[in-house]
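Let me begin by presenting the structure, written as structure tokens, before commenting on it.
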Amino acid sequence: MNKLQLTLAIFKPDISLNERAVSEIRKIILKDNYLFVRTKFHKMTLEKAKEFYKVHEKKFFYNRLVYSMSSGPIWCHILARENAIKEWRKLMGPTKVFKTIYDEPQSLRGNYGVTDTRNTLHGSDSDENARTEIDFFFEDFDINKWYANEEKLFR
Ligand code: RTP
Ligand code: MG
Numbered sequence: 001m002n003k004l005q006l007t008l009a010i011f012k013p014d015i016s017l018n019e020r021a022v023s024e025i026r027k028i029i030l031k032d033n034y035l036f037v038r039t040k041f042h043k044m045t046l047e048k049a050k051e052f053y054k055v056h057e058k059k060f061f062y063n064r065l066v067y068s069m070s071s072g073p074i075w076c077h078i079l080a081r082e083n084a085i086k087e088w089r090k091l092m093g094p095t096k097v098f099k100t101i102y103d104e105p106q107s108l109r110g111n112y113g114v115t116d117t118r119n120t121l122h123g124s125d126s127d128e129n130a131r132t133e134i135d136f137f138f139e140d141f142d143i144n145k146w147y148a149n150e151e152k153l154f155r
């Protein structure tokens with residue numbers, strides 16, 4: 001078996017209370033060979049959303065984004081898979097929902113996305129950011145320990 005990688009996948013408030021969408025997307029994730037390592041239902045405060053998206057502080061959509069992300073509960077998942085970071089971003093599809101119409105209508109954002117901000121899903125964009133983001137939501141999860149055990153258990 002090839003080496004597994006961890007990523008953080010968030011279902012945004014746009015879909016997190018939509019049980020049918022949540023279960024449909026989870027089925028697609030499982031079918032695509034991901035393991036659910038941790039799952040957490042969570043409500044971000046506005047402050048926490050501002051901190052999570054601090055890199056976008058200067059962008060015109062920052063306020064829109066942080067208010068939207070703290071407007072309702074989210075599902076946070078630590079997913080494991082070979083090339084999880086790249087593959088999960090591919091499965092989500094383009095950030096801008098209008099782009100999905102032409103380029104990837106079958107992607108998850110193509111199917112469930114509403115606007116460029118309410119694009120339903122988040123995925124870490126690098127190994128370093130995946131580690132930071134997993135720590136951000138799962139304080140008691142030891143990433144290094146998980147990778148060390150993975151060497152022993154799954155290979
Ligand atoms: P993410 O970080 O959520 O995985 O998305 P991404 O890398 O594909 O997109 P990024 O450029 O990092 O943007 C972060 C989130 O900001 C919201 N956004 N709104 N024009 C807009 O209103 C706009 N543009 C971006 C989206 O929710 C995006 O996921
Ligand atoms: Mg991003």
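Residue numbers for the sequence shown, in the UniProt record's numbering: 1 to 155. Every residue, glycine too, gets a C-beta built ideally from N, C-alpha and C. These figures come from a predicted structure and were not determined experimentally.
Would you say M44 lies against chain B (beta-carbon separation less than 8 angstroms)?
Any reference to chain B falls outside this structure, which holds one protein chain only.
Residue closest to D116, alpha-carbon to alpha-carbon, out of D125, T100, L35 and E57:
Measuring from the Cα of D116, the nearest candidate turns out to be T100.
What are the start and end residues of the alpha helix (DSSP H) that includes P13?
Residues P13 to S16.
What does the alpha-carbon distance come out to for the pair I15 and A148?
34 angstroms
Proximity to R38 [Cα-Cα], best of E151, K152 and I143
I143
Hey, would you say the C-beta of A36 is under 7 angstroms away from at least one heavy atom of the ligand RTP?
It should be noted that the sequence gives Phe, not Ala, for residue 36. Not under cutoff, so the answer is no.
Quick check: what's the CA-CA separation for G72 versus K43?
G72 and K43 have their C-alpha atoms roughly 6 angstroms apart.
heavy atom of the ligand MG below 7 angstroms from D142 C-beta
no
Touch test, the segment 58-74 against the segment 25-34, Cβ-Cβ under 8 angstroms, three pairs minimum
no
Is any non-hydrogen atom of the ligand MG found closer than 7 angstroms to the C-beta of D127, if you look at the structure I gave you?
no
Distance CB(F138)-CB(I85) smaller than 8 angstroms
No. Outside cutoff.
Whose CA, out of L8, K3 and N2, lies closest to the CA of N129?
L8
Per DSSP, which one or two residues make a beta bridge with I78?
L8 and R38
Mapping the DSSP letters down to three states, classify K58 as helix, strand or coil.
coil
On a Cα-Cα basis, can you pick out the residue from H56, S126 and K96 that is closest to W88?
Checking every option, the nearest Cα to that of W88 belongs to S126.
Could you give the first and the last residue of the continuous beta strand (DSSP E) run that contains G110?
Per DSSP, G110 belongs to no beta strand (DSSP E); it is in the alpha helix (DSSP H), L108 to Y112.
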